[in-house]
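In our numbering, the protein residues as written are 1 to 197.
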């Protein structure tokens, strides 16, 4: 049985035993071909990886998106949305202090494109700021203004009562009209059926 497993492997004619295993030979060959064919792309990828390596004082953390944003990375496609609560592996680094509270910068890669997004804590306003790579989705929320003192509250109650009376008059007119025209439902339905025959 063991013989069959060995015989089923294909060794190419240019196989070199210095690599050891067949897998190591194939990986080394692919790496060499990539360097020969497209050395500039390979160099760019390596430089980007070296640039993105976490520096001193940087940690890898799980970051959960605090609000919805539009990713600005892919120029060919339309902007795509990243929802609130989506988690990313982010590099967390210290930026500066706001009084006694540290300000942190979170940098992570978008899950749909290769864009890097930077979000920073904002302890002054107790929220987050989008620094680069995205823009926050702005949702307009109408907040009902509540009266501050007793007189304003009383005026608001009087206005609400007047509006309720106006609505009630309209409702009473509708109910009176219905009672007047539909007192005898049999006659009304008979009249309607005769129209549509």
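C-beta: ideal position from N, C-alpha, C; glycine also. None of these values were measured; they are calculated from a predicted model.
Sort the options by Cα distance to residue i and report the nearest one.
| i | options | result |
| --- | --- | --- |
| residue 61 | 68, 79, 72, 87 | 87 |
| residue 104 | 110, 111, 113, 93 | 93 |
| residue 64 | 25, 108, 26, 58 | 108 |
Note down the Cα distance separating residue i from residue j, rounded to an integer number of angstroms.
| i | j | result |
| --- | --- | --- |
| residue 157 | residue 169 | 18 Å |
| residue 139 | residue 160 | 29 Å |
| residue 90 | residue 23 | 32 Å |
| residue 136 | residue 69 | 4 Å |
| residue 196 | residue 188 | 13 Å |
| residue 99 | residue 81 | 34 Å |
| residue 96 | residue 122 | 11 Å |
| residue 67 | residue 117 | 13 Å |
| residue 186 | residue 176 | 19 Å |
| residue 102 | residue 110 | 25 Å |
| residue 178 | residue 162 | 25 Å |
| residue 17 | residue 59 | 41 Å |
| residue 21 | residue 83 | 46 Å |
| residue 166 | residue 151 | 23 Å |
| residue 149 | residue 180 | 47 Å |
| residue 192 | residue 155 | 49 Å |
Can you name the residues that DSSP bridges to residue i?
| i | result |
| --- | --- |
| residue 63 | 88 |
| residue 98 | 101 |
| residue 58 | 93 |
| residue 138 | In the DSSP output, where bridge partners are listed per residue, residue 138 has none listed. |
| residue 71 | 80, 134 |
| residue 121 | 128 |
Please go through the same chain and pick out, in chain order, the residues whose beta-carbon is closer than 6 Å to the beta-carbon of residue i, but skip the five residues on each side of it.
| i | result |
| --- | --- |
| residue 119 | 106, 128, 130 |
Skipping 5 residues on each side, what residues in its chain have a beta carbon closer than 8 Å to that of residue i?
| i | result |
| --- | --- |
| residue 72 | 79, 115, 133, 134, 135 |
| residue 126 | none |
Could you name the residues of the same chain whose beta carbon sits closer than 7 Å to that of residue i, not counting the 5 residues immediately before and after it, in chain order?
| i | result |
| --- | --- |
| residue 124 | 98 |
| residue 171 | none |
Comparing the C-beta of residue i with each C-beta of chain B, is any distance below 8 Å?
| i | result |
| --- | --- |
| residue 126 | Here chain B cannot be found, since the structure has a single protein chain. |
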